[in-house]
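Before any comments, here is the structure.
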Amino acid sequence: YGRKDKGQARPEVLKQLLKTSDRIVQEIDSVEYGLTDIQEYYGNTGGLKLAAEKQSGKKVNASFVESFSKDTTPRKLEELLRMEYRTKLLNPKWAESMANQGSGGAYEISQRMTALIGWGGTADFTDSWVYDQASETYALDAEMAAKLRKANPEAFRNIVGRMLEAHGRGFWEADQEKLEKLRELYDLTDEEIEGVT
Numbered sequence: 022y023g024r025k026d027k028g029q030a031r032p033e034v035l036k037q038l039l040k041t042s043d044r045i046v047q048e049i050d051s052v053e054y055g056l057t058d059i060q061e062y063y064g065n066t067g068g069l070k071l072a073a074e075k076q077s078g079k080k081v082n083a084s085f086v087e088s089f090s091k092d093t094t095p096r097k098l099e100e101l102l103r104m105e106y107r108t109k110l111l112n113p114k115w116a117e118s119m120a121n122q123g124s125g126g127a128y129e130i131s132q133r134m135t136a137l138i139g140w141g142g143t144a145d146f147t148d149s150w151v152y153d154q155a156s157e158t159y160a161l162d163a164e165m166a167a168k169l170r171k172a173n174p175e176a177f178r179n180i181v182g183r184m185l186e187a188h189g190r191g192f193w194e195a196d197q198e199k200l201e202k203l204r205e206l207y208d209l210t211d212e213e214i215e216g217v218t
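Per the numbering used here: the sequence shown = residues 22 to 218.
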């Protein structure tokens, strides 16, 4: 953009920039949304990271600057994701609070599972412990699974489906017994939604 350039496509410039990028940096200007809350972060920052890696043929790091706080030190993507997953998705108090909110809470959990897959696909974030704990908390805990399935069957199906997808895409190495239980839950929920049972 400039006085004479009004948003013209310049793919050759973008490719050159991506080819020479060592790091993708994004600002977070709000405490309202985190990296695991909405798709824009993994879709945009994760997507740019992946594009830069494809153009350069090397690993490209990603960092975030939290401009809403006094400390604007760039933080590594992986560190922020681990912190967010510990404080939200894998936090027992957060999990219970979301489950108690009914349909909306189940949807929020579902969105974070989708974001986990998104970060795996765009930034190669594949920490198995996140998937292990999420599966134990939301799918394999019978009481929690029943609560979520009753409140929002589509969201629950997505939660379980994302776990199965993570295994299928190589983001998570789940044992056979766990996979069988997840498949059973997925099929049961799918049949309930479709009115088969």
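Glycine included, each C-beta is placed from N, C-alpha and C at the ideal position. Note that the coordinates shown come from a computational prediction; the quantities given were computed from them, not determined experimentally.
> Do the CB positions of residue 174 and residue 130 come within less than 8 Å of each other?
Replying inline: Taking the sequence shown and counting its residues from 1, one reaches residue 174 at position 153. Taking the sequence shown and counting its residues from 1, one reaches residue 130 at position 109. No, the pair does not count as a contact, with Cβ atoms beyond the cut-off.
>> I need the DSSP call for residue 87, collapsed to helix, strand or coil.
In response: Against the sequence shown, residue 87 aligns to sequence position 66. Of the three classes helix, strand and coil, the one that applies to residue 87 here is strand, per DSSP.
> What residue does the beta strand (DSSP E) around residue 122 start on, and which one ends it?
Replying inline: By one-based count along the sequence shown, residue 122 stands at place 101. Looking at the DSSP string, residue 122 is not in any beta strand (DSSP E), and its letter there is neither H nor E.
> The alpha helix (DSSP H) spanning residue 181 covers which residue range?
Replying inline: Here residue 181 refers to the residue found at position 160 when the sequence shown is read from its first residue. Start and end: 174-189.
> residue 46 by DSSP, collapsed to three states: which one?
Replying inline: Locating residue 46 in the sequence shown gives position 25, where the first residue counts as 1. Reduced to three states, the DSSP call for residue 46 is strand.
> Taking the Cβ atom as the reference point for each residue, do residue 102 and residue 147 lie within a distance shorter than 8 Å?
Replying inline: Taking the sequence shown and counting its residues from 1, the one referred to as residue 102 is at position 81. Taking the sequence shown and counting its residues from 1, the one referred to as residue 147 is at position 126. For residue 102 and residue 147, no; Cβs fall outside 8 Å.
>> Buried or exposed, going by whether 16 or more other CB atoms sit within 10 Å of the CB of residue 121?
In response: Locating residue 121 in the sequence shown gives position 100, counting from the first residue. Label assigned to residue 121: exposed.
>> Within a Cβ cutoff of 8 Å, which residues of the same chain sit near residue 64, ignoring the five residues on either side of it in sequence?
In response: By 1-based counting over the sequence shown, the position of residue 64 is 43. Excluding positions up to five away in sequence, the list reads 139, 143.
> Hey, which unbroken runs of the alpha helix (DSSP H) at 4 residues or more fall wholly within the region 46-118?
Replying inline: 68-77, 98-108
>> Let me make sure I understand the geometry here. Which of 184, 211, 136 has the alpha-carbon closest to that of residue 154?
In response: Translated into positions along the sequence shown, residue 154 becomes position 133. Nearest option by C-alpha distance: 184.
> Residue range of the alpha helix (DSSP H) that residue 217 falls in?
Replying inline: Position 196 of the sequence shown, counting from 1, holds the residue named residue 217. Unbroken run through residue 217: none, as it is neither H nor E.
> Taking residue 196 as the reference, which of 216, 49, 152, 126 has the closest Cα?
Replying inline: On the sequence shown, position 175 is the one that residue 196 refers to. For the residues 216, 49, 152, 126, the minimum Cα distance to residue 196 belongs to 152.
> By Cβ distance, which residues of its chain are closer than 7 Å to residue 99, with the 5 residues on each side in sequence left out?
Replying inline: For the purposes of this step, residue 99 is identified with residue 78 of the sequence shown, where counting begins at 1. Excluding positions up to five away in sequence, the list reads 146.
>> Rounded to whole angstroms, what is the Cα-Cα separation between residue 70 and residue 80?
In response: Here residue 70 refers to the residue found at position 49 when the sequence shown is read from its first residue. Here residue 80 refers to the residue found at position 59 when the sequence shown is read from its first residue. When rounded, the distance between both Cα atoms is 9 Å.
> Whose C-beta lies closer than 8 Å to the C-beta of residue 51 among residues of the same chain, with five residues either side of it excluded?
Replying inline: Your numbering for residue 51 matches position 30 in the sequence shown. Closer than 8 Å at the Cβ level, and outside the excluded window around residue 51, lie 89.
>> Taking the alpha-carbon of residue 38 as reference, which of 91, 68, 159, 76 has the nearest alpha-carbon?
In response: Within the sequence shown, residue 38 is the residue found at index 17, counting from 1. The candidate whose alpha carbon is nearest that of residue 38 is 76.
> How many angstroms separate the CA atom of residue 124 from the CA atom of residue 118?
Replying inline: Numbered from its first residue, the sequence shown carries residue 124 at position 103. Numbered from its first residue, the sequence shown carries residue 118 at position 97. Their Cα atoms are separated by approximately 12 Å.
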